[in-house]
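Residue numbers (our numbering), protein chains in the order written: chain A, 287 to 702; chain B, 287 to 702.
(1) Are the beta-carbon atoms belonging to residue 499 of chain B and residue 308 of chain B less than 9 Å from one another?
(2) How is the alpha helix (DSSP H) around residue 623 of chain A delimited, first residue to last?
(3) Out of A:536, A:302, A:318 and A:320, point me to the one whose CA is closest to residue 312 of chain B's CA.
(4) Throw me the rounded Cβ distance for the residue 329 of chain B and residue 299 of chain B pair, which I believe falls under 8 Å.
(5) Taking the alpha carbon of residue 695 of chain A as the point to measure from, which residue in A:550, A:296, A:520 and A:516 has its own alpha carbon closest?
(6) Got a sec: is the Cβ-Cβ distance from residue 357 of chain B to anything in chain A below 9 Å?
(7) In terms of alpha-carbon separation, which member of B:477, B:636 and B:484 lies closest to residue 497 of chain B?
(8) Checking contacts by CB at 9 Å: is residue 322 of chain A closer than that to chain B?
(9) Considering just the uninterrupted stretch of the alpha helix (DSSP H) at residue 643 of chain A, what are its terminal residues?
(10) Residues of the region 298–323 of chain A in Cβ contact with chain B at a cutoff of 8 Å, in chain order, please.
(11) Looking only at C-alpha atoms, which of B:697, B:586, B:419 and B:314 sits nearest to residue 356 of chain B?
(12) Using a Cβ-Cβ cutoff of less than 7 Å, which residues in the same chain neighbour residue 555 of chain B once the five nearest sequence positions on both sides are dropped?
(13) Under the rule that 16 or more other beta-carbon atoms within 10 Å means buried, what is residue 586 of chain B, buried or exposed?
(14) Look up residue 323 of chain B in the DSSP assignment and say whether it is helix, strand or coil.
(15) Nearest to residue 350 of chain B by alpha carbon, out of B:387, B:388, B:310 and B:361?
(16) Residues in its own chain within less than 6 Å of residue 458 of chain B by CB, not counting five upstream and five downstream?
(17) Count the C-beta pairs between the region 437–453 of chain B and the region 410–417 of chain B that are closer than 8 Å, then say yes if the count reaches three, no if not.
(18) Using only CA atoms, which one of A:374, A:402, A:375 and A:376 lies nearest to residue 385 of chain A?
(19) To the nearest angstrom, report how far apart residue 673 of chain A and residue 643 of chain A are at their CA atoms.
(20) Would residue 455 of chain B count as contacting chain A if we go by Cβ distances under 9 Å?
(21) Output, in sequence order along the chain, the residues in the region 580–596 of chain B whose CB is closer than 8 Å to any CB in chain A.
(22) Are the C-beta of residue 627 of chain A and some C-beta of chain B separated by less than 9 Å?
(23) Which stretch, first to last residue, makes up the beta strand (DSSP E) that contains residue 450 of chain A?
(24) Looking at C-alpha atoms only, which residue of B:304, B:687, B:382 and B:413 is the closest neighbour of residue 397 of chain B?
(25) Tell me which residue opens and which closes the beta strand (DSSP E) that residue 288 of chain A is part of.
(26) Residue range of the alpha helix (DSSP H) that residue 522 of chain A falls in?
(27) What separation, rounded to the nearest whole angstrom, lies between the Cα atoms of residue 391 of chain A and residue 671 of chain B?
(28) Just how far apart, CA to CA, sit residue 579 of chain A and residue 645 of chain A?
(29) Helix, strand or coil: how does DSSP classify residue 383 of chain B here?
(30) Buried or exposed: residue 408 of chain B, going by 16 or more other Cβ atoms within 10 Å of its Cβ?
(31) At 4 residues or longer, what runs of the alpha helix (DSSP H) sit wholly inside the region 549–574 of chain B?
(32) Taking residue 411 of chain A as part of the beta strand (DSSP E), name the residues at either end of that continuous run.
(33) Can you list, in chain order, the residues of the region 416–447 of chain A whose Cβ is nearer than 8 Å to any Cβ on chain B?
(34) Which residues mark the beginning and the end of the beta strand (DSSP E) in which residue 505 of chain A is found?
(35) Could you pull the start and end residues of the alpha helix (DSSP H) that residue 340 of chain A belongs to?
(36) Of all the CB atoms in chain A, is at least one closer than 9 Å to the CB of residue 682 of chain B?
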């Protein structure tokens, strides 16, 4: 089955907004095994939208639209789509009721144009919106299905996950299941090289790599007549991926992030951690604090951007800083050791490097980063050379520090 | 003049990649005063790309393509576009030379398919690539112009800024100039309400609002026969915006970020700052460290996620934490005061709040955040209620803390 996406909104054509809805819907459709050949963006213009819809209706089985469902005159996605599908608009009493309740809760005055959002194409399935006033809509007519979704991601994402995903899955003759094998500590091309045979020969299940900052995600997707069979097709592929990537695999749950995987390890082993950051300046701790409930394992962190702060807060020796410099394995090691001592934590990860664009030398170029990790009396360091902008180098440093912390915990647990 | 954008890449249709190129190119085109009515995404498929190109060529004056210029068999943007424009491919000697130099620098083995990238449509303008091997291309034929750009943003962005932008500007009969008036400390709808008359009546210059996290950017764009006249049209509008928004305006330079504006203020007044963070867990310091050269003004920061750390590192009193709780104006104030003392800094910004999704109560709901700021013996606090996910609440808290810090410095300088 083919699907195509049309995002409506002048803000997208002006570049005011990055189209994250397109990436979200595309990934969901890929998970459902739907083939997407086209995406379009068009402004709030009835004529141009109508022409696109007529073309899309001919070439795709399912047309998903996002945006243009608001209460103003500019918003005309629903009116245009209903016309193309030959449907009249009628008022939906439940939609009206929910719009009223939503606006009252927000303390907004209800104006006549709010009721425009309660109008739905006759005979359509209404997707009630628990996060806003615009209901979504599913229209079916002669083998074409049009799905209209509100533009704001905080409304679109839950509506898609809760209502559209199950609807599209039921349309499919086969059941699609997928798992996300997430890797850290290996680059994209190295990861792809290790599984070229699987990527090339893939039919069912398929394996698709997604490159993220400091991580590679492998989506394994299988089709079968029922969920049990589909999952049983995934098992051997996942086992093979685990065999090939070993400790680089940190989860097979699409919802689990690297920092959550680290937090689970800390919990499993009853450990506390602290951070001692120079060039990342708090971003590493910021990632750990992404995990709701990390407070059991992370209590405090140090940002020591100056040499004086490294001495004062972490007890790095003046001599080390003078002899080897702030960006050195020796400093990274002393930062980790001193941080753990200051915080009374079992572990401490440290990062020191040259994020640029200034400050690089021939010996210590921009992108040179040392990560240190103290763990129960021992201290380990790692040297990395990243490239890119200041912010890219800092993001990679953070991902790498989390990966290194995870490795040290795993090695310690394995008695290595 | 109308422009349309076609992004080529199966990774976009699978949702592996968010299409940030589209937002970048759209904003640049808006700055140039070009009208964009359509954007499309298509996979690496010659037939579908050809059909799109034929339609685009008819309806738009300029067609910009990104992606599909790589060395592999899959990459067929150049071949397809050349065919649609009726051009033969020929080898460009300089492109060949630069590809060789680039690959040698990277230490890569050169294979036969690398020379595919040195092929360019006959009579086209070649855009040499200083960040990769794929040259960009500009083709003109009977009133249509096609511009081909490499997909990776680190190659596309500098190529566009340095080569495509001046080319497109020269095509325009008029000169377009724009300024970006950036605001903090005011919400999107409040900002729009203040300038509804300017937004409605706008013709030349136009004013377009762009909502960012905790900020609103207003782009003022004018067209005229020359740059001087265009800039002179902008002046009274910018003055009017400054008059209406006052201290909320932090820059009119599109390249300057909020943290850079704060850093410039610190420099101007010879001040040092430190951070004391609870729920933001390092992200506030991380924003300050985005500024290369901040080390003169920011030397260290404290992440005090637990109550014990707030007492130990910042000297927040046990009684305050017991009586008012960690999320209270009293704690925010003591964090700011204690942080400045511990770091020996002139200023300290503190953040404490409930980022959720757990931990909210009726009295202190998720999203409640207190920001504190110590400045030369005085301490100020602010209460905010944000909504959204844990990460959104934390991002808004950081933007708000920077805004508050800026306000305190300005007020202090004005003797308020």
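The C-beta atom is built at its ideal place from N, Cα and C for all residues, glycine as well.
Since we're looking at a predicted model, the values are computed, not measured.
In this structure, then:
(1) no
(2) Per DSSP, residue 623 of chain A is one residue of the alpha helix (DSSP H) stretching across 615–629.
(3) A:302
(4) 5 Å
(5) A:550
(6) no
(7) B:477
(8) yes
(9) First-last for residue 643 of chain A: undefined, no H or E at that position.
(10) 298, 299, 300, 301, 302, 303, 304, 305, 306, 308, 309, 310, 311, 312, 313, 314, 315, 316, 322 and 323
(11) Closest by alpha carbon: B:419.
(12) Taken in chain order, the residues that qualify are 695 and 699.
(13) buried
(14) strand
(15) B:310
(16) Excluding sequence positions up to five before and after residue 458 of chain B, its CB lies less than 6 Å from no other CB in the same chain.
(17) yes
(18) A:402
(19) 11 Å
(20) Chain A, which has no Cβ nearer than 9 Å to the Cβ of residue 455 of chain B, makes this no.
(21) Within the region 580–596 of chain B, the qualifying residues are 580, 581, 584, 585, 586, 587, 588, 589, 590, 591, 592, 594 and 595.
(22) no
(23) No beta strand (DSSP E) holds residue 450 of chain A; DSSP gives it neither H nor E.
(24) B:382
(25) 288–294 is the span of the beta strand (DSSP E), which, as asked, contains residue 288 of chain A.
(26) From DSSP, the alpha helix (DSSP H) with residue 522 of chain A extends over 513–531.
(27) 16 Å
(28) About 38 Å.
(29) helix
(30) exposed
(31) Listed in chain order, the alpha helix (DSSP H) elements of length 4 or more contained wholly in the region 549–574 of chain B are 569–574.
(32) 411–413
(33) 440
(34) 501–510
(35) 332–345
(36) It does not: the Cβ of residue 682 of chain B has no partner Cβ on chain A nearer than 9 Å.
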